[in-house]
Amino acid sequence: MAADMLTVKDLRVSVEDSEILHGVDISIGPGETHVLMGPNGAGKSTLGNALMGNPQYTVTGGEVRFHGEDLLEKSVNERAASGLFMSFQNPIEIPGISLENFMRSAIEQRSGTKLRLWDFRKQVRATLDTLQMEHSYAERDLNVGFSGGEKKKAEILQLLLLKPSLAILDETDSGLDVDAVKTVSRGIKEFQKDQEASLLVITHNAAILDALHVDKVHVLVNGRIVKEGGAELIKEIEENGFSAFEEAIA
Amino acid sequence: MTEKTVTVNTPLAKTFGWLHVNGTHLLAGESAPEKRLAIACGDEKILILNEAVRLKAELEDNAVFRLIQVRYAEEESRAVNDIQVTCGKDAVFEWYRVILGGRATYDNCSVTLAGAGSRFEANIGYRLEGEELMDMNCEAIHTGKKTESLIRASGVLFDRASKLLRGTIDLRRGCAGAVGNETEDVLLIDDTVRNRSVPVILCSEEDVVGNHGASIGRLDEDLLFYLQSRGIDNASATELMAKARVDAIIRRIPDGQLRAALLKED
Amino acid sequence: MSETKTHIEDVKRAFYDFRFEENDAYRVRSGLTPEIIKEISAEKKDPDWMRDFRLKSLEIFERTPMPDWGPSIEGLDMDNIVTYVRPNAERMNTRWEDVPDDIKDTFERLGIPQAERTSLAGVGAQYDSELVYHNVRKEVAAMGVVYTDIESALHGEYADMIRERFMHLVPPTDHKFAALHGAVWSGGSFVYVPPGISVEIPLQSYFRLNAPGAGQFEHTLIIVDEGADLHFIEGCSAPKYNVANLHAGCVELYVGKNAKLRYSTIENWSKNMYNLNTKRARVEEGGKIEWISGSFGSHVSYLYPMSVLKGAGARSEFTGVTFAGAGQNLDTGCKVVHGAPDTTSYVNTRSISKDGGISTFRSAIVVEPKAVNSRSSVSCQSLMVDDISRSDTIPAMDIRTAKADIGHEARIGRISDDAVFYLMSRGLSEDEARALIVSGFADNVSKELPLEYAVEMNNLIRIEMKGAIG
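The listed protein sequences derive, respectively, from chains H, Z and W. The opening position of the first sequence corresponds to residue 1 in the numbering used here, with each subsequent residue numbered one higher. The opening position of the second sequence corresponds to residue 1001 in the numbering used here, with each subsequent residue numbered one higher. The opening position of the third sequence corresponds to residue 2001 in the numbering used here, with each subsequent residue numbered one higher.
What follows is the structure in structure tokens.
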């Protein structure tokens, strides 16, 4: 078995002095797709934000290694540069910066080389085509005036342009219309074409997972992983909800 | 003998004296050239000016006047700019003011929306560094029915830069159906900057809407985290956002060539 | 419909406008001279330092110009204002029975003793220039809470505490009417809440100006010591005369470390009053000042309670409503100085203009360079009820650090026809619908007031709304 890309050991995370994650362990190998499920308030988003380095989340204990390096001592942009990506539940609106210029700045900074405007524009358009999104997306100010669905689609577009080795998709499926769900699924499939690319899908509903190949499912309740298993767990949760797990720890 | 002073940028409404915003006293210097313009019924005119001016413009019914004024970073001199515009029925005046530097800029822009249905839009973008100073008074005086004004300012302050913007929407009796809006967005980069904002709404008419919103401060932490999560470091994120503030205004400039030159897109 | 209106108007106007013959024991000549000041000082048995302070203030008053930015105060002729009127009563009665009948009757009509019995921890009542009644509940006094008139406190064990603070927050040099106050102040309250003491129910002062052509210049000094908590309520009214009256009070509030003070005012001066009042609070580390302010009365008001956030983490909240009707020019708002790190201010105001009234919201938010990580949020809304009134919004911000987050929003508009239609469709008359909408508009203040006061405030709004439509 290949060495794990991400290893999380006994991770403890607090928000405003109250502990949300009480020691979480997760390992994700190259090319694997993991799903993190759990009821509202279980701490799912906390895990994603802590891994990405959101300053509002304080890691109070544990260890995270990503590609063999200590992830927690890196700044947010260094984490991104090392291949980590997180799609935001509520992407930030940035007036004055077009999506295309934003991505170009991000990629140029990571690679340290300047991209030619027309080459990059071509690449953006191709990606938009893959996702069956309108070209005008690239020209619009980032997330400004985007609907919920449009914001999620723009996050998936960024995922494909940045080509991370591990993408954390935080509730990317919530509150989407049918069209947006299709775009998101299409994007995830495209991302998975890269044999080495790993995914951690955070969700509390199983619908979006139908079309995905899933390697492992982790169930998070009250800040602890209470159950792990294969894709079959998804079905179980779909039928019975989380109450069985909640009772188990009560 | 004391040197002669002049008072510029006196706002329509005064406030607490200790704030020192009720007009600015300047040493009298060389006056900007005086220009008078009359734009005939239905005519459209775009004027690009790179120097300060004392301009009085009369817009007849349905006339459209777009004034674009850019002040470039390398300018050393003081600029004292005074724009006074009166709009006839359904006339439109758009002012595009981009200040990329200059030691000191004093701008007064006073627009009277006299004709029914006339419209004034101010787009003000600035980037001030070092010891640069911008002192502006921008006012929309609504006297005609169903008139509209929008004052939109967006800028960034570095180092010891100082900026004062007085924006006044004056909804006078008889301007029924008028709408005045003002938005201000100021990004503060260094701890030594100074930002003063005096967004005034005066109203003596019932059937009107006046709105003002301002957001002043540093880069939002969530936004910084978002940018960093895409691999952009702190310094680049700051520069990116600074440029975005000014570009948001530049992108509205109705002259393609100038717009492209200012956006510096390769 | 019109019958109810007239009815309400008659009864309610009389409610505040009743007056008794002036039966004062002593008054100084009108106008201002050092002789008059010395006379007041002697009459009040001032300590020497206070007499000198008054004379110094008079000098400052004479050389300070009138403000050049607010509503006109031309109708105010200082030479005709009587600065000191002592009512014909012993000062500082602690037994209600000892208050003279006409004065007692005045306050009883205003509901003051009833409120004291039901919902207050202590009450002070000022009639013209002097406090005529003062009382604190035994259990509150037992906690060490001091609530007395300033004059007695100047001679008692708190004399030094007062001397160190009296007009230190609002020095006579602040503006012309602060100087006037320094020269002729009389009456008002001194409150001291010892460390850690929480006064559960409010203290109240009620100010009544009865004599025509007189001024009221009470001084309120409140010290809430470390970790203590107090709610202070101030009410003011006066009957209507044809000559101008002047109110130039001064309120100085010292909020200690981690202490909290809520200062509520429902002001309903008569419509010949020039209300040139100055209120200021200094807040130490972790402390909080909450201003609740309802301005309904007076002919002209200049009123901008100021919070000086001096200690790290200090907070200020200002919630205000101003209703300007016929003949009124009410210039109100607030000032905040962020002078320390992590300080926050929150301002939420509503103003209503009607029947030719003028209301102005005026504010200043200053963030000093050392006030890093400060936050301020200002929201002001104005409602135009007709097309002969005026409503101005004149805020200013001076931000001198980048490490701050400042938000400001202002909105001006009219009563929505849809809302009136909706309420009328449920059976309300148009007048009732509009009055209800305006009350709702002002609920930022009413929901912060104790129930009795919220009811009184909503009544005031209904009277103003209904009285004028007919």
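Every residue gets a Cβ at the ideal spot worked out from N, C-alpha and C, and that includes glycine.
What's the call for Cys2334/W, buried or exposed, on a 16-neighbour Cβ count within 10 Å? In the third sequence, residue 2334/W corresponds to position 334, counting from 1. Under this definition Cys2334/W is a buried residue.
Short CB-CB distance (under 7 Å) between Leu1223/Z and chain W: On the second sequence, position 223 is the one that residue 1223/Z refers to. No, Leu1223/Z does not count as interfacial toward chain W.
Quick check on the DSSP output: what are the complete alpha helix (DSSP H) runs of length 4 or more inside the region 1174 to 1240 of chain Z, in order along the chain? Qualifying alpha helix (DSSP H) stretches, in chain order: 1221 to 1229.
For Arg2051/W, three-class secondary structure by DSSP: Position 51 of the third sequence, counting from 1, holds the residue named residue 2051/W. For Arg2051/W, the three-state secondary structure derived from DSSP is helix.
For chain Z, is any of its Cβ atoms less than 7 Å away from the one on Arg309/H? Outside the shown range of chain H, which is 1 to 250, sits residue 309/H, and nothing can be said about it.
Against chain H, with Cβ distances strictly below 7 Å, would Gly1231/Z count as a contact? Taking the first residue of the second sequence as 1, we reach residue 1231/Z at position 231. So, interface residue.
Listed from N- to C-terminal order along the chain, which residues in the region 1195 to 1212 of chain Z have their beta-carbon within a distance smaller than 9 Å of any beta-carbon of chain W? Within the region 1195 to 1212 of chain Z, the residues whose Cβ lies closer than 9 Å to some Cβ of chain W are Asn1195, Arg1196, Ser1197, Val1198, Pro1199, Val1200, Ile1201, Leu1202, Cys1203, Ser1204, Glu1205, Glu1206, Asp1207, Val1208, Val1209, Gly1210, Asn1211, His1212, listed in chain order.
Would you say Ile1216/Z reaches chain W, if we count a Cβ-Cβ gap shorter than 7 Å as a contact? Translated into positions along the second sequence, residue 1216/Z becomes position 216. Cβ-Cβ to chain W under 7 Å: yes for Ile1216/Z.
Let me know the secondary structure DSSP gives Met2306/W once reduced to three states. Taking the first residue of the third sequence as 1, we reach residue 2306/W at position 306. Taken through DSSP and simplified to helix, strand or coil, Met2306/W comes out as strand.
Between the region 1094 to 1111 of chain Z and the region 1121 to 1137 of chain Z, do at least 3 Cβ pairs fall closer than 8 Å? Touching, yes.
Which residues does DSSP pair with Ile26/H in a beta bridge? Residue numbering aside, residue 26/H sits at position 26 when the first sequence is read from its first letter. In the DSSP output, where bridge partners are listed per residue, Ile26/H has Val8/H.
DSSP three-state label for Ile2469/W, please. Start at 1 with the first residue of the third sequence, and residue 2469/W comes out as number 469. Residue placement at Ile2469/W is flagged as unreliable, the pLDDT there being 35, under the threshold of 50; the coordinate-derived value follows with that caveat. Here Ile2469/W sits in helix by DSSP.
Hey, how far is the Cα of Leu2253/W from the Cα of Arg2262/W? The sequence position of residue 2253/W within the third sequence is 253, counting from 1. The sequence position of residue 2262/W within the third sequence is 262, counting from 1. Using only the alpha carbons, I get a separation of about 10 Å.
Pull out every residue of the region 2403 to 2419 of chain W whose Cβ sits closer than 8 Å to any Cβ of chain Z, in chain order. The residues in question are Lys2403, Ala2404, Asp2405, Ile2406, Gly2407, His2408, Glu2409, Ala2410, Arg2411, Ile2412, Gly2413, Arg2414.
Is it buried or exposed for Lys1004/Z, if we count other Cβ within 10 angstroms and need 16 for buried? By one-based count along the second sequence, residue 1004/Z stands at place 4. Its Cβ having fewer than 16 others within 10 Å, Lys1004/Z is exposed.
Would Arg1071/Z pass as a contact of Gly1102/Z if the rule is Cβ separation under 7 Å? Mapped onto the second sequence, residue 1071/Z falls at position 71. Mapped onto the second sequence, residue 1102/Z falls at position 102. Closer than 7 Å, so yes.
As an exercise, report each continuous beta strand (DSSP E) stretch of at least 3 residues that is fully enclosed by the region 192 to 230 of chain H, in chain order. Entirely contained in the region 192 to 230 of chain H, the beta strand (DSSP E) runs reaching 3 residues are, in chain order, 198 to 203, 216 to 221, 224 to 229.
Alpha carbon of Glu1131/Z to alpha carbon of Arg1251/Z, nearest angstrom: Looking up residue 1131/Z in the second sequence gives position 131. Looking up residue 1251/Z in the second sequence gives position 251. Rounded to the nearest angstrom, the two C-alpha atoms are 26 Å apart.
Runs of 3 residues minimum, wholly inside the region 1145 to 1176 of chain Z: which ones carry the beta strand (DSSP E) assignment? DSSP runs (the beta strand (DSSP E)) wholly in the region 1145 to 1176 of chain Z: 1148 to 1157, 1162 to 1171.
is_contact[Asp1190/Z, chain W] using C-beta, thresh 7 Å: Counting from one through the second sequence, the residue named residue 1190/Z turns up at place 190. Judged by the 7 Å Cβ criterion, Asp1190/Z is in contact with chain W.
Could you tell me if Met2384/W is buried or exposed, where buried requires 16 or more neighbouring beta carbons within 10 angstroms of its beta carbon? Residue mapping note: residue 2384/W aligns to position 384 of the third sequence, counting from 1. Label assigned to Met2384/W: buried.
Should Ser2379/W be flagged as near chain Z, meaning a C-beta pair shorter than 7 Å? In the third sequence, the residue the question calls residue 2379/W occupies position 379. Contact with chain Z is absent for Ser2379/W, since none of that chain's Cβ atoms lies less than 7 Å from the residue's Cβ.
Would the beta-carbon of Ser2295/W fall within 7 Å of that of Glu2267/W? Mapped onto the third sequence, residue 2295/W falls at position 295. Mapped onto the third sequence, residue 2267/W falls at position 267. For Ser2295/W and Glu2267/W, yes; Cβs fall inside 7 Å.
Counting along the chain, where does the beta strand (DSSP E) carrying Ala1141/Z start and finish? Translated into the one-based positions of the second sequence, residue 1141/Z becomes position 141. With the sequence shown as reference, residue 1141/Z is identified as Ile, and Ala is not the correct amino acid for it. Here the beta strand (DSSP E) through Ile1141/Z covers 1133 to 1142.
Could you give the first and the last residue of the continuous beta strand (DSSP E) run that contains Thr1105/Z? What you label residue 1105/Z is simply residue 105 of the second sequence in a count that begins at 1. Boundaries of the beta strand (DSSP E) around Thr1105/Z: 1104 to 1113.
Chain-ordered chain Z contacts of Gly48/H [CB-CB under 8 Å]: For the purposes of this step, residue 48/H is taken as the residue at position 48 of the first sequence. Result: empty, since nearest Cβ-Cβ is about 10 Å, beyond 8 Å.
Start and end residues, alpha helix (DSSP H) containing Pro2172/W: For the purposes of this step, residue 2172/W is identified with residue 172 of the third sequence, where counting begins at 1. Bounds of any alpha helix (DSSP H) do not take in Pro2172/W, whose DSSP letter is neither H nor E.
In this structure, what does DSSP give as the bridge partners for Trp301/H? An answer regarding residue 301/H cannot be provided, because it is not within the stretch 1 to 250 covered by chain H.
Whole-angstrom Cβ separation of Cys1203/Z and Asp2386/W, contact assumed at under 8 Å? By one-based count along the second sequence, residue 1203/Z stands at place 203. By one-based count along the third sequence, residue 2386/W stands at place 386. With a Cβ gap of about 12 Å, Cys1203/Z and Asp2386/W do not count as contacting.
Trp1018/Z: buried (16+ other C-beta within 10 angstroms of its C-beta) or exposed? If you number the second sequence from 1, residue 1018/Z lands on position 18. So Trp1018/Z counts as exposed.
Alpha carbon to alpha carbon, how far is Glu19/H from Arg1245/Z? Within the first sequence, residue 19/H is the residue found at index 19, counting from 1. Within the second sequence, residue 1245/Z is the residue found at index 245, counting from 1. Spanning the two alpha carbons is a distance of roughly 38 Å.
Could you tell me the alpha carbon to alpha carbon distance between Ser2198/W and Ala2228/W, rounded to whole angstroms? Taking the first residue of the third sequence as 1, we reach residue 2198/W at position 198. Taking the first residue of the third sequence as 1, we reach residue 2228/W at position 228. Cα atoms of Ser2198/W and Ala2228/W: separation of roughly 5 Å, rounded to the nearest angstrom.
Going by beta carbon distance, what residues of the same chain come within less than 7 Å of Ile257/H, once the five residues before and after it are set aside? Residue 257/H lies beyond the residue range present for chain H, which begins at 1 and ends at 250; the question has no answer from this structure.
So, for Ala1260/Z: in the same chain, excluding its five sequence neighbours on each side, which residues have a beta-carbon less than 8 Å away from its beta-carbon? Counted from its first residue, the second sequence places residue 1260/Z at position 260. Within the same chain, no Cβ atom closer than 8 Å to the Cβ of Ala1260/Z is found once the five residues on either side in sequence are excluded.
Whole-Å CB distance - Gly2156/W paired with Phe2053/W, under 8 Å assumed: As a working note, residue 2156/W is residue 156 in the third sequence. As a working note, residue 2053/W is residue 53 in the third sequence. Wrong, their Cβ atoms sit about 18 Å apart, outside the cutoff.
What did DSSP end up calling Met2424/W once you bin it into helix, strand or coil? The residue labelled residue 2424/W in the question sits at position 424 within the third sequence. Helix.
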